[in-house]
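K.L.:
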Amino acid sequence: MTAIEVKPGIYWIGVNDRTTDLFEGLWPITREGVSYNAYVVLGEKKALVDMAKDFKVDEILDQISQLVDPSELDYIVVNHMEPDHTGAVRMIHRIAPRATILGTKKALEMMDAYYHITEGVREVTDGETLDLGGHTLKFVSTPFVHWPETMVTYAVEQRVLFSCDAFGGYGALQGAIFDDQCARLDFYEQEALRYYVNIVALFPKPVLKAIRKLAAVPIDVVAPSHGLIWRANPQRIVELYQRWAEYAGGPGDLGVTLLYGTMYGLTEKMGEAVATGVARAGVPVEIFDVRHTHVSYILPYLYTRRGVLVGAPTYEGNLFPPMAEALRAALHKRIFNRKAAYFGSYGWSGGARRGFKSLAEQLRWEISDGLEFKGGPTPELLRKGEEFGYRFAKSLEEG
Ligand code: FEO
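Residue numbers for the sequence shown follow our numbering, so the first one is 12 and each next one is one higher.
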């Protein structure tokens, strides 16, 4: 790829990753890819800001080489220690032995733990500035956006915020790196939400605290380490992150996430009837088959919508395991305070509803009456299912 000027003296030298299937070993990005955005700031002193995964080191070095001999770097700024941004650090530091690695105290502890690098490092403190000669970098501590050591770096004269994970998203860059060049903003915003819920959602208070801390900083460009660079409308992604952080613990928007799993199509048939009722009530519904849909794609809907309908058969006296797994993922992400109801088929003694109730209680979800049925649904039962969906959707309008 080509190094691209972001502002005078500031360049994007990032790389795309279309090889990794699972981000963090967990979250699918096979179709979407991801970018590791890194930057070079060329003052009298030369600074590299963030890097990439280890297997991308050649590409990153090629990118840097278009602007400066990597051996002549003076600083390597480490905003965040997760190896998607630091995997290349050992090799780069070997090639640039004069460069001082800058990070928070915790980052330097992690630099030792992860890469056993203890020489040529220097702690920076919250609010500290670094004069590069022509550019000033200011370091702002933003713990737990995403790990405890995290900071952001602000290029003072050019008003560029290198925000690392904050304001980032999945999605490899497709030629365009800036928001104003991109014809698919909706894709990147959807993937930023999926990234937010998968990666950052456990830390809403730190996200809001960081946004408050940065509110007085004039920002022309938000330059995260994943996804698009926001220069036409830098506030757009900040406002989206703020809105998403504010969902935590809140009631969610009017809408239903309908999850179903099915063994022989009987619960699925009921799910169709239930969805018809929800749609008839005029409430948006998004349907997911938990057998085939990774929770990565389901979580953004659970996170933002008020209602959850859970359709699953009884399996060995309990909730159908793929459904239990999906609900446990919601529990892990602390997606609390939803309104929910269960429906599903059983063969003889049931048990799915009990399993659902147990998980829903841990999720602090308000449960309304469910619809459990033996075997396959009759036409009469399907009519009841439609009414059940309609009533549930209408109950969401009450807030
Ligand atoms: Fe992109 Fe938390 O690393």
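Backbone N, C-alpha and C define an ideal beta-carbon position, used for all residues, glycine too.
Source: prediction; values computed, not measured.
Using CA atoms only, rank isn't needed, just tell me which of F214, A110, G44 is closest to L33.
P.N.:
As a first step, residue 33 must be located in the sequence shown, where it is residue number 22. Residue G44 is the option with its Cα nearest to L33.
K.L.:
Give, in chain order, every unbroken run of the beta strand (DSSP E) that is at least 3 residues long and sits entirely within the segment 293-368.
P.N.:
296-300, 316-322, 350-357
K.L.:
Terminal residues of the continuous beta strand (DSSP E) containing E266?
P.N.:
Numbered from its first residue, the sequence shown carries residue 266 at position 255. Here the sequence assigns Gly to residue 266, which means Glu is not the residue at that position. Taken as a continuous stretch (DSSP letters only), the beta strand (DSSP E) holding G266 covers 264-271.
K.L.:
Return yes when at least one heavy atom of the ligand FEO lies under 6 Å from the C-beta of H157, else no.
P.N.:
Here residue 157 refers to the residue found at position 146 when the sequence shown is read from its first residue. True, at least one ligand heavy atom lies under 6 Å from that Cβ.
K.L.:
With a threshold of 16 other CB atoms inside 10 Å of the CB of G151, please say whether the residue is buried or exposed.
P.N.:
The residue you call residue 151 lines up with position 140 of the sequence shown. Per the sequence shown, residue 151 should be read as Val rather than Gly. Buried, since its Cβ has 16 or more Cβ neighbours within 10 Å.
K.L.:
Could you give the residue range of the alpha helix (DSSP H) that holds K117?
P.N.:
Translated into positions along the sequence shown, residue 117 becomes position 106. From DSSP, the alpha helix (DSSP H) with K117 extends over 116-126.
K.L.:
Are R316 and G266 touching if we call contact CB-CB under 7 Å?
P.N.:
Numbered from 1 along the sequence shown, position 305 holds the residue referred to as residue 316. Numbered from 1 along the sequence shown, position 255 holds the residue referred to as residue 266. Yes; because the gap between Cβ atoms is below 7 Å, this pair is in contact.
K.L.:
Using alpha carbons as the reference points, say which of T129, G131, K116, V249 lies closest to F173.
P.N.:
In the sequence shown, residue 173 corresponds to position 162, counting from 1. It is V249.
K.L.:
Consult DSSP for T13 and reduce its assignment to one of helix, strand or coil.
P.N.:
The count along the sequence shown starts at 1 and reaches residue 13 at position 2. In this structure, DSSP gives T13 a state outside helix and strand, which the three-state scheme calls coil.
K.L.:
Roughly how many whole angstroms lie between the Cα atoms of L320 and F354?
P.N.:
The residue you call residue 320 lines up with position 309 of the sequence shown. The residue you call residue 354 lines up with position 343 of the sequence shown. Distance between the alpha carbons of L320 and F354 is about 8 Å.
K.L.:
Use the C-beta contact count for A107: other C-beta atoms within 10 angstroms, 16 or more gives buried, fewer gives exposed.
P.N.:
Taking the sequence shown and counting its residues from 1, the one referred to as residue 107 is at position 96. Buried is the call here.
K.L.:
Is the closest heavy atom of the ligand FEO to the C-beta of E43 under 6 Å?
P.N.:
The count along the sequence shown starts at 1 and reaches residue 43 at position 32. Outside the cutoff, so no.
K.L.:
Three-state secondary structure (DSSP) at W23?
P.N.:
On the sequence shown, residue 23 is found 12 positions in, with the first residue counted as 1. W23: strand per DSSP, three-state reduction.
K.L.:
First and last residue of the beta strand (DSSP E) that includes S76?
P.N.:
Walking along the sequence shown from the start, residue 76 turns up at place 65. No beta strand (DSSP E) holds S76; the alpha helix (DSSP H) holding it covers 68-76.
K.L.:
Relative to the C-alpha of T13, which residue among E70, P19, A63, D28 is closest?
P.N.:
In the sequence shown, the residue the question calls residue 13 occupies position 2. Cα-wise, what sits closest to T13 is E70.
K.L.:
Following a CB-centred definition, is E120 positioned closer than 6 Å to any heavy atom of the ligand FEO?
P.N.:
Taking the sequence shown and counting its residues from 1, one reaches residue 120 at position 109. No, the beta carbon of E120 sits no closer than 6 Å to any heavy atom of the ligand FEO.
K.L.:
Is M162 helix, strand or coil when you go by DSSP?
P.N.:
Numbered from 1 along the sequence shown, position 151 holds the residue referred to as residue 162. M162 carries a strand assignment under DSSP once its states are collapsed to helix, strand and coil.
K.L.:
Among the residues of its own chain, which have a CB less than 7 Å from the CB of Y22, if the five just before and after it don't count?
P.N.:
Against the sequence shown, residue 22 aligns to sequence position 11. Same-chain partners within the cutoff: A14, I15, E16, Y50, V51, L78.
K.L.:
Taking 6 Å as the cut-off, does the CB of D1 come closer than this to any heavy atom belonging to the ligand FEO?
P.N.:
Shown here, the chain extends from 12 to 410; a query on residue 1 therefore has no answer.
K.L.:
Could you give the distance in angstroms between the alpha-carbon of K67 and the alpha-carbon of V132?
P.N.:
Residue mapping note: residue 67 aligns to position 56 of the sequence shown, counting from 1. Residue mapping note: residue 132 aligns to position 121 of the sequence shown, counting from 1. Near 22 Å, if we compare the C-alpha coordinates of V132 and K67.
K.L.:
Can you give me the Cβ contacts of I75 inside the same chain, cut-off strictly under 7 Å, excluding the 5 residues immediately before and after it?
P.N.:
One-based indexing of the sequence shown puts residue 75 at position 64. The residues are I24, V51, L59, P81.
K.L.:
Starting from the C-beta of A337, find all residues in its chain whose C-beta is less than 7 Å away, skip the five residues before and the five after it, and write them out in chain order.
P.N.:
Mapped onto the sequence shown, residue 337 falls at position 326. Answer for A337: L270, V301, V306, I309, listed in chain order.
K.L.:
So, for K149: in the same chain, excluding its five sequence neighbours on each side, which residues have a beta-carbon less than 6 Å away from its beta-carbon?
P.N.:
For the purposes of this step, residue 149 is taken as the residue at position 138 of the sequence shown. For K149, where only same-chain residues beyond five positions count, the Cβ hits under 6 Å are T140, Y165, V167.
K.L.:
Excluding the five sequence neighbours on either side, which residues of its own chain have a C-beta within less than 6 Å of the C-beta of I494, listed in chain order?
P.N.:
Past the edges of the chain, shown from 12 to 410, lies residue 494, and the structure says nothing about it.
K.L.:
Rounded to the nearest angstrom, what separates E55 and G145 at their Cα positions?
P.N.:
Here residue 55 is taken as the residue at index 44 of the sequence shown, counted from 1. Here residue 145 is taken as the residue at index 134 of the sequence shown, counted from 1. C-alpha separation (whole angstroms): 7 Å.
K.L.:
Over what stretch of residues does the alpha helix (DSSP H) that includes S82 continue unbroken?
P.N.:
Reading the sequence shown from its first residue, position 71 is the one you call residue 82. S82 -> no alpha helix (DSSP H), and no H or E assigned at all.
K.L.:
Is any heavy atom in the ligand SAH found nearer than 6 Å to the beta carbon of D95?
P.N.:
With respect to the ligand SAH, the structure shown offers nothing to examine, as its ligands consist of the ligand FEO.
K.L.:
If you measure between the beta carbons of Q253 and I222, is that distance less than 7 Å?
P.N.:
Counting from one through the sequence shown, the residue named residue 253 turns up at place 242. Counting from one through the sequence shown, the residue named residue 222 turns up at place 211. For Q253 and I222, yes; Cβs fall inside 7 Å.
K.L.:
Beta-carbon separation of C193 and N90 under 7 Å?
P.N.:
Start at 1 with the first residue of the sequence shown, and residue 193 comes out as number 182. Start at 1 with the first residue of the sequence shown, and residue 90 comes out as number 79. The answer is no: Cβ separation not under 7 Å.
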